[in-house]
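Colleague: The structure under discussion is supplied below as structure tokens; questions concerning it will follow.
4 protein chains.
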Amino acid sequence: MRPTRPLPGSLVQRYHGWKATTFADNAAWYRRLGAEGQRPRVMVISCCDSRVHVTSIFGAEQGEFFIHRNIANLVPPYEPDGLRHGTSAAIEYAVTSLRVSQIMVLGHSQCGGVEACDKMCMGHAPALEAQDSFVGRWMDMLRPGWEAVQTIEDDAERREALEKQAVLTSIDNLMTFPFVRAAVDAGDLVLHALWNDIVDGTLEGHDAVTDRFSQI
Amino acid sequence: MRPTRPLPGSLVQRYHGWKATTFADNAAWYRRLGAEGQRPRVMVISCCDSRVHVTSIFGAEQGEFFIHRNIANLVPPYEPDGLRHGTSAAIEYAVTSLRVSQIMVLGHSQCGGVEACDKMCMGHAPALEAQDSFVGRWMDMLRPGWEAVQTIEDDAERREALEKQAVLTSIDNLMTFPFVRAAVDAGDLVLHALWNDIVDGTLEGHDAVTDRFSQI
Amino acid sequence: MRPTRPLPGSLVQRYHGWKATTFADNAAWYRRLGAEGQRPRVMVISCCDSRVHVTSIFGAEQGEFFIHRNIANLVPPYEPDGLRHGTSAAIEYAVTSLRVSQIMVLGHSQCGGVEACDKMCMGHAPALEAQDSFVGRWMDMLRPGWEAVQTIEDDAERREALEKQAVLTSIDNLMTFPFVRAAVDAGDLVLHALWNDIVDGTLEGHDAVTDRFSQI
Amino acid sequence: MRPTRPLPGSLVQRYHGWKATTFADNAAWYRRLGAEGQRPRVMVISCCDSRVHVTSIFGAEQGEFFIHRNIANLVPPYEPDGLRHGTSAAIEYAVTSLRVSQIMVLGHSQCGGVEACDKMCMGHAPALEAQDSFVGRWMDMLRPGWEAVQTIEDDAERREALEKQAVLTSIDNLMTFPFVRAAVDAGDLVLHALWNDIVDGTLEGHDAVTDRFSQI
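Chains as they are written, first to last, in the numbering used here: chain A, 1 to 216; chain B, 217 to 432; chain C, 433 to 648; chain D, 649 to 864.
Here it is as structure tokens:
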């Protein structure tokens, strides 16, 4: 027997509240989205962190943003080896099937995945170095990024720099996907690198010319 | 030079609107979440589809839901092989670091990933069978699920059944993770299997006793 | 020879500024909208008044709002008499070809067209009563609305009430179009009646139950 | 009971965002515009199409452009027959009450109204020929324009030529309004004929001497 359980009453109640209000107010639009399919303008790659709500920040409508969320908003490099690659599958679907016009990689402050990576690279987290640590092996992707910032002594500063390295690593890896590069080169796809301070609400964007992040 | 571009003005404007209203209204809470860290009650595994907004359906507060989104809300089986597993990393982090009390797998109607899987299994989508098809290799996980529903002749019915198989596959694979099974057995973690009809707003939950989905 | 003239340099300069910035930042999206066609969610019927910018108020993206603007945001009744009806053509195109999910009628304060109607109905504007007054004949549509508010003595109050009557007249006339009524009855189309105070930025919405406008 | 419904929450949220930022930043100017009335320099006649944002293209301020939008940016000829003429009312108000200095007719590529006219004139759209087709009867205005371009065999080229004919038809019809002609002759009013390619952002203006459009 599968060990599933009914939803707690408080969530059931919220769902019914949503259905009677938000859903009812948008029913005509949802029906049309269901019938005609989605046509999102933007793919967002952001973190699973419960404190980052990209739909809220950008006032997104249903149907507007195709959203992949993983630990530390990381994109792995292109590896067509026949194995499972969930992030790569999401990118492939967004770019080649949905043909989104923008990909937004959204990093954020106080990122637990980045903090774990930092501790691991400092040699302070042996458990993360075990072969069976999924978080450790996932965050290995950010080791080169850590090397770029390791000389920063202050923990908070180094981690913020590493959070931004995570975003840039994803941008760089995105460009290793042939279909991403082709769409960018053809002017059909634009990439945005962003970092959100969850404490003070600031949003910073990467400037290609200066290669730095600055406040939007 | 990295090929990033500034955000379009309309999104910048919406962000500033959010910061002046939603963010300002919640600043004290966000500051505390930043200082004390997140403590989400629920992990949600849902699809990237732009028409599924789990935070909206459940009226989620910032800090409440830890959300992983991938194509077709699939969880792969436990494979501690030292390779990168983004979904497994998210589950490990949620269960062992954040110690969430619930995992909600949320499938939905009109799922493009499930439709792709159906076509592939029917032999109608050779491109998805290529080794370098990330979507195809990702959806291979659902081949056993397809076999369970393949006798349903009506396309729409079979796909809805397959969408629910995707949810159950994820539940079954979740239970192959030792730390998930241990937490479930200890009563520290509860699993929910859900399916949302994006057209009429219906939410169905899996009932362990009958092994069927029914309307909530 | 047609009496057209080149654009003044200041507008040419602004256009080139837009092309180098806003257009460039959105070029991928505009190309896609051009190739795939528009799929707006909302039709907006608002006034020509230079002080009402509906795209700004609602942070609308290119491709999101189909906008008809005329004097006093008026919809005439359904009259399939084979003559030219510009507003009716816009509504027909939006509802039957584009199949928008919402129609928003947006009235506003200090409306010159409504003020003209008020003066005409008070007998203070004989020029507007002439057969060849296009504004007068257009505003005749609002005469029944004026009768409903004529007992309000204060000019400013009566005009505000008349501005809201203009919105409700449009809603009532919209429902005389068979394809509008059918779409509303089928749940495929939703109507919104709104009034914007251009001085203090307030937005009021019509409440079907109380039949009154209240602040949003 | 009137069938109006509340605005969806996402639009309400965007409105509040606008009010707290754009509106707040311009409140003094809006208050003055409210108190003193509008004094727009330009009347714009453009299409309802959701992909054409004239305020964005020309960086228009609140109070600067008086904007009429209809299907295919068409101006009918002067017909003071005592019937309702929405476009004529807007022109009359702009020229005789507001005394704008410029009228800009802005056509655009991929125009659905022009495409409908083209199909109708080719005999491929019988539904548009029915007496009760508002779009058909509205586009009848462009039949003479279609005759001028009918020998162009390539569909895309013929439609672009027809889009420009729509602009010129409007210019020619504008000149049949006595108050427009008088203002033009007196040097108080200037007419501009423009066409915007929504895909590549190009803007073309009509040159009176060569009677052709060329890139601005």
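From the three backbone atoms N, C-alpha and C, an ideal C-beta is built for every residue, glycine too. All of these numbers come straight from a predicted model, not from anything done at the bench.
For the region 723-742 of chain D, enumerate the residues whose C-beta is nearer than 8 Å to any C-beta of chain C, in chain order.
Modeller: 724, 728, 729, 730, 731, 732, 733, 734, 735, 736, 737, 738, 739, 740, 741 and 742
Colleague: Can you tell me which of D:795, D:746 and D:656 puts its alpha carbon nearest to the alpha carbon of residue 765 of chain D?
Modeller: Taking the first residue of the fourth sequence as 1, we reach residue 765 of chain D at position 117. Considering only alpha carbons, the answer is D:795.
Colleague: Quick one: residues in its chain with C-beta nearer than 6 Å to the C-beta of residue 269 of chain B, no 5 flanking neighbours on either side, listed in chain order?
Modeller: Residue mapping note: residue 269 of chain B aligns to position 53 of the second sequence, counting from 1. Answer for residue 269 of chain B: no residue qualifies.
Colleague: At the 9 Å Cβ level, is residue 233 of chain B part of the contact set with chain C, yes or no?
Modeller: Position 17 of the second sequence, counted from the start, is the residue given in the question as residue 233 of chain B. Yes, contact with chain C.
Colleague: Between residue 273 of chain B and the ligand SAM, is there a pair consisting of the residue's CB and a ligand heavy atom that are separated by less than 8 Å?
Modeller: Because no ligand of any kind appears in the structure shown, any question about the ligand SAM cannot be addressed here.
Colleague: Could you check whether the region 361-376 of chain B touches the region 274-285 of chain B, counting it as contact only if at least three pairs of C-beta atoms, one from each stretch, sit closer than 8 Å?
Modeller: no
Colleague: Looking only at its own chain, which residues have a Cβ that is under 7 Å from the Cβ of residue 759 of chain D, when we skip the five neighbours before and after it?
Modeller: Here the question's residue 759 of chain D lines up with position 111 in the fourth sequence. Shown here for residue 759 of chain D: same chain residues with a beta carbon closer than 7 Å to its own, the five before and five after excluded, namely 695, 697, 720 and 811 in chain order.
Colleague: Out of D:845, D:781 and D:823, point me to the one whose CA is closest to residue 521 of chain C's CA.
Modeller: Translated into the one-based positions of the third sequence, residue 521 of chain C becomes position 89. Minimum Cα distance to residue 521 of chain C is reached at D:781.
Colleague: Between the beta-carbon of residue 633 of chain C and the beta-carbon of residue 671 of chain D, is there less than 9 Å?
Modeller: Position 201 of the third sequence, counted from the start, is the residue given in the question as residue 633 of chain C. Position 23 of the fourth sequence, counted from the start, is the residue given in the question as residue 671 of chain D. For the 9 Å CB-CB criterion, residue 633 of chain C and residue 671 of chain D form a contact.
Colleague: Spell out whether any CB of chain C is found under 9 Å from the CB atom of residue 221 of chain B.
Modeller: Here residue 221 of chain B refers to the residue found at position 5 when the second sequence is read from its first residue. Residue contact check for residue 221 of chain B against chain C: a CB pair falls below 9 Å.
Colleague: At a CB distance below 7 Å, what residues from the region 263-280 of chain B approach chain D? Give them in sequence order.
Modeller: Answer in chain order: no residues at all.
Colleague: Thinking C-beta only, is residue 506 of chain C closer than 9 Å to residue 570 of chain C?
Modeller: Here the question's residue 570 of chain C lines up with position 138 in the third sequence. Here the question's residue 506 of chain C lines up with position 74 in the third sequence. Yes, the Cβ-Cβ distance between residue 570 of chain C and residue 506 of chain C is below 9 Å.
Colleague: Determine, using beta-carbon pairs with one atom in the region 316-327 of chain B and one in the region 399-410 of chain B, whether at least three such pairs fall under 8 Å.
Modeller: yes
Colleague: Between B:351, B:218, B:385 and B:226, which has its C-alpha nearest residue 3 of chain A's C-alpha?
Modeller: Position 3 of the first sequence, counted from the first residue, corresponds to residue 3 of chain A. Minimum Cα distance to residue 3 of chain A is reached at B:385.
Colleague: Under three-state DSSP, which class holds residue 220 of chain B?
Modeller: The count along the second sequence starts at 1 and reaches residue 220 of chain B at position 4. Residue 220 of chain B: strand per DSSP, three-state reduction.
Colleague: One question on the structure: do residue 300 of chain B and residue 68 of chain A come within less than 9 Å of each other, judged by their Cβ atoms?
Modeller: Position 84 of the second sequence, counted from the first residue, corresponds to residue 300 of chain B. Position 68 of the first sequence, counted from the first residue, corresponds to residue 68 of chain A. Not a contact, by the Cβ cut-off of 9 Å.
Colleague: Tell me the rounded alpha-carbon separation between residue 184 of chain A and residue 638 of chain C.
Modeller: Here residue 184 of chain A corresponds to residue number 184 of the first sequence, with the count starting at 1. Here residue 638 of chain C corresponds to residue number 206 of the third sequence, with the count starting at 1. Whole-angstrom Cα-Cα distance: 46 Å.
Colleague: List, in chain order, every chain A residue whose beta-carbon is nearer than 8 Å to that of residue 620 of chain C.
Modeller: Residue 620 of chain C sits at position 188 when you count from the first residue of the third sequence. Neighbours of residue 620 of chain C on chain A, chain order: 28, 31 and 32.
Colleague: For residue 359 of chain B, I'd like the list of residues in its chain whose CB is within less than 8 Å of its CB, leaving aside the five on either flank, ordered along the chain.
Modeller: As a working note, residue 359 of chain B is residue 143 in the second sequence. Counting only Cβ-Cβ distances below 8 Å, and skipping sequence neighbours, we find 333 and 337.
Colleague: Hey, out of A:212, A:174, A:177 and A:40, whose CA is closest to residue 161 of chain A's CA?
Modeller: Here the question's residue 161 of chain A lines up with position 161 in the first sequence. Checked all of A:212, A:174, A:177 and A:40; the closest Cα to residue 161 of chain A is A:212.
Colleague: Where residue 313 of chain B and residue 324 of chain B are concerned, what is the direct C-alpha to C-alpha distance, given to the nearest angstrom?
Modeller: Counted from its first residue, the second sequence places residue 313 of chain B at position 97. Counted from its first residue, the second sequence places residue 324 of chain B at position 108. If you take the alpha carbons of residue 313 of chain B and residue 324 of chain B, they lie about 28 Å apart.
Colleague: Does the beta carbon of residue 101 of chain A sit closer than 9 Å to a beta carbon anywhere in chain C?
Modeller: Taking the first residue of the first sequence as 1, we reach residue 101 of chain A at position 101. Taking Cβ atoms only, chain C reaches closer than 9 Å to residue 101 of chain A, which makes this a yes.
Colleague: Would a C-beta distance cut-off of 9 Å place residue 331 of chain B and residue 375 of chain B closer than the cut-off?
Modeller: The residue labelled residue 331 of chain B in the question sits at position 115 within the second sequence. The residue labelled residue 375 of chain B in the question sits at position 159 within the second sequence. Going by C-beta atoms, residue 331 of chain B is nearer than 9 Å to residue 375 of chain B.
Colleague: Strictly under 9 Å for the Cβ-Cβ distance: is residue 230 of chain B near chain C by that measure?
Modeller: Locating residue 230 of chain B in the second sequence gives position 14, counting from the first residue. Residue 230 of chain B belongs to the set of residues whose beta carbon lies under 9 Å from a beta carbon in chain C.
Colleague: Nearest-angstrom Cα distance between residue 538 of chain C and residue 674 of chain D?
Modeller: Against the third sequence, residue 538 of chain C aligns to sequence position 106. Against the fourth sequence, residue 674 of chain D aligns to sequence position 26. Roughly 20 Å separates the two Cα atoms.
Colleague: Which chain B residues sit within Cβ distance under 8 Å of residue 457 of chain C?
Modeller: Along the third sequence, one-based indexing puts residue 457 of chain C at 25. Near residue 457 of chain C (Cβ distances below 8 Å), the residues of chain B are 221, 222, 223, 224 and 225.
Colleague: Expressed to the nearest angstrom, what Euclidean distance is found between the alpha-carbon atoms of residue 449 of chain C and residue 215 of chain A?
Modeller: Working through the third sequence from its first residue, we reach residue 449 of chain C at position 17. Working through the first sequence from its first residue, we reach residue 215 of chain A at position 215. Cα to Cα, the separation comes out at about 22 Å.
Colleague: Going along chain B in order, which residues have a C-beta closer than 7 Å to the C-beta of residue 203 of chain A?
Modeller: As a first step, residue 203 of chain A must be located in the first sequence, where it is residue number 203. Those are 231, listed as they occur along chain B.
Colleague: Please classify residue 37 of chain A as buried or exposed, where buried requires at least 16 neighbouring CB atoms within 10 angstroms.
Modeller: Position 37 of the first sequence, counted from the start, is the residue given in the question as residue 37 of chain A. Classification for residue 37 of chain A: exposed.
Colleague: Find the nearest neighbour of residue 256 of chain B within the set B:411, B:373, B:372 and B:311, judged by alpha-carbon distance.
Modeller: Walking along the second sequence from the start, residue 256 of chain B turns up at place 40. Residue B:311 is the option with its Cα nearest to residue 256 of chain B.
Colleague: DSSP beta-bridge partners for residue 639 of chain C?
Modeller: Within the third sequence, residue 639 of chain C is the residue found at index 207, counting from 1. The partner list for residue 639 of chain C (beta bridge, DSSP) reads C:644.
Colleague: Would residue 238 of chain B pass as an interface residue toward chain D - the criterion being a Cβ-Cβ separation below 9 Å?
Modeller: Here residue 238 of chain B refers to the residue found at position 22 when the second sequence is read from its first residue. True, the Cβ-Cβ gap to chain D drops below 9 Å.
Colleague: Just curious, the alpha helix (DSSP H) that residue 114 of chain A is in, first and last residue?
Modeller: Residue mapping note: residue 114 of chain A aligns to position 114 of the first sequence, counting from 1. 112-122 is the span of the alpha helix (DSSP H), which, as asked, contains residue 114 of chain A.
Colleague: With 9 Å as the threshold, decide whether the Cβ of residue 41 of chain A is near any Cβ in chain C.
Modeller: Translated into positions along the first sequence, residue 41 of chain A becomes position 41. Residue 41 of chain A counts as touching chain C.
Colleague: Within the 9 Å Cβ cut-off, does residue 36 of chain A reach chain C?
Modeller: Here residue 36 of chain A corresponds to residue number 36 of the first sequence, with the count starting at 1. By this cut-off, residue 36 of chain A is an interface position.
Colleague: Can you list, in chain order, the stretches of the beta strand (DSSP E) that have 3 or more residues and sit fully within the region 460-538 of chain C?
Modeller: 474-479 and 497-502
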